[in-house]
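Engineer: If you count the sequence shown from 1, position 45 lands on 46 in our numbering, and the numbers rise without skipping. Even for Gly, the Cβ is constructed at its ideal location relative to N, Cα and C. I'd like to ask some things about the structure below.
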Amino acid sequence: MENFQTTYNSNTTSANEALKSLGSLFTTERTKLQDIQTGLKSDHESFQVTISSQLSQLKDELVKESTLKDSLALKTEEAKLLSTKLEALEKQVKDLLSERAVMRSCITDVTGLLSNIIETRDSMITITMRKHLQENLKPVFAMLHRLEGVSDQSLNRK
2 MENFQTTYNS
12 NTTSANEALK
22 SLGSLFTTER
32 TKLQDIQTGL
42 KSDHESFQVT
52 ISSQLSQLKD
62 ELVKESTLKD
72 SLALKTEEAK
82 LLSTKLEALE
92 KQVKDLLSER
102 AVMRSCITDV
112 TGLLSNIIET
122 RDSMITITMR
132 KHLQENLKPV
142 FAMLHRLEGV
152 SDQSLNRK
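Right under this line is the structure:
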C-alpha cells in the first residue's frame, strides 16, 4: 500500500504541477487574447473613425458635385437660350441685308428715273420747268443719298 500511496502522491504532485502549468499557460494565453482583443477594439474604433471621416468627405464632395452639376445645367440652359437668340438675330440680319439690297436697287432705279426726267431734252419741258423740277427734287435726292449713298452731286451737275 505504501507503493500505492507513493504512486498516488507522485501522480497527485504531477497532476498538480500539470494543472499549475496549464493554469499559468491559460492565464498567459488569456492575457494575450485580452491584449489582442484590446488591440482589435482600438483598431476597430480607429477604422470606424477613418470610415466616418471618409464618408463625411464623400458627402461634402457629393454636395459640391451636385452644386456644380446644377450650375452647369443652368449655364447650359443659358447657352442654349443665347444660341437660339443668336440664330434669330442672325436671321434678322440676313433679312435686313436682303431688304437693304432691294432698297438699294429701288433707290438706284428711282434716282435714274428722276435724273432722266430732269435731263430730258424734250422741247415741251422748258428751262424754267427743268429748274423747278431740280429745286423740288433736291430734298428727294438728299433723302436717297442718306438711304443708299447716292450722290446728290449728280443733281447739281445736271
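Does the count of Cβ pairs from the stretch 128-146 and the stretch 101-114 closer than 8 angstroms reach three?
Structural biologist: Yes, the stretch 128-146 touches the stretch 101-114.
Engineer: Does the Cβ-Cβ distance between residue 134 and residue 108 come in under 9 angstroms?
Structural biologist: Cβ atoms of residue 134 and residue 108: not closer than 9 angstroms.
Engineer: Shorter than 8 angstroms, the distance from the beta carbon of residue 116 to the closest heavy atom of the ligand NAD, or not?
Structural biologist: The ligand NAD is not among the ligands present in this structure, which contains no ligands whatsoever.
Engineer: Which word fits residue 142, buried or exposed, when buried means at least 16 other C-beta atoms lie within 10 angstroms of its C-beta?
Structural biologist: Per the 10 Å Cβ criterion, buried.
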